[in-house]
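End of the sequence shown = 161 in my numbering, gap-free, step of one.
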Amino acid sequence: MEFEILRLHLAAPLVFASCEGAEIQPDPFAQIEGGSESLFCFGLEPSESLKFEPDLARLLGDPETEKNTLLPAGLYMFSQMRQRLKREEILEMAAEIQKEALWQRLILEPRLYLRYLHEDGRGVTQVFRPFKEASED
25 MEFEILRLHL
35 AAPLVFASCE
45 GAEIQPDPFA
55 QIEGGSESLF
65 CFGLEPSESL
75 KFEPDLARLL
85 GDPETEKNTL
95 LPAGLYMFSQ
105 MRQRLKREEI
115 LEMAAEIQKE
125 ALWQRLILEP
135 RLYLRYLHED
145 GRGVTQVFRP
155 FKEASED
């Protein structure tokens with residue numbers, strides 16, 4: 025699977041309205057059809073979150089559901105595919121983003137955002153990994 029990895033400066037937060045009575049999707053990797061947009065935030069396993077070759081089975085923690093309504097403004101390593109990816113493909117993308125950020129000597133935060141949206145009649149999967157620039161002391 026090939027995808028482009030970009031640096032993204034998100035100038036304003038992306039806010040996802042949580043509708044009262046709306047059903048929260050318990051499985052962030054479920055293959056759901058339709059045009060709904062959703063955001064999931066994951067804490068990352070500290071022992072895997074800064075490795076060049078992380079154990080994909082251990083990389084993601086549980087979804088942090090209280091953070092599923094806001095993608096904060098900030099700096100991100102970002103990638104997307106114009107299709108709804110399976111869990112294994114998302115983990116592969118997350119690992120490649122992590123590897124690229126480490127090569128660039130960025131300071132990665134132990135968090136990952138997964139966003140699904142519907143564009144031009146098809147699903148899109150986006151992965152965001154927050155980072156800080158390394159200071160040049």
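We put the CB at the ideal spot given by N, CA and C, even for glycine.
Check, Outcome
"Apply the 10 Å Cβ neighbour rule to residue 145 and answer buried if 16 or more other Cβ atoms are within range, or exposed otherwise.", "exposed"
"Would you identify the three-state DSSP class for residue 108, choosing helix, strand or coil?", "coil"
"Have a look at 117, 108, 109 and flag the residue whose alpha-carbon is nearest the alpha-carbon of residue 78.", "117"
"When the Cα atoms are used, what is the spatial distance from residue 125 to residue 69?", "17 angstroms"
"Of the residues 81, 29, 158, 152, which one's Cα is nearest the Cα of residue 94?", "152"
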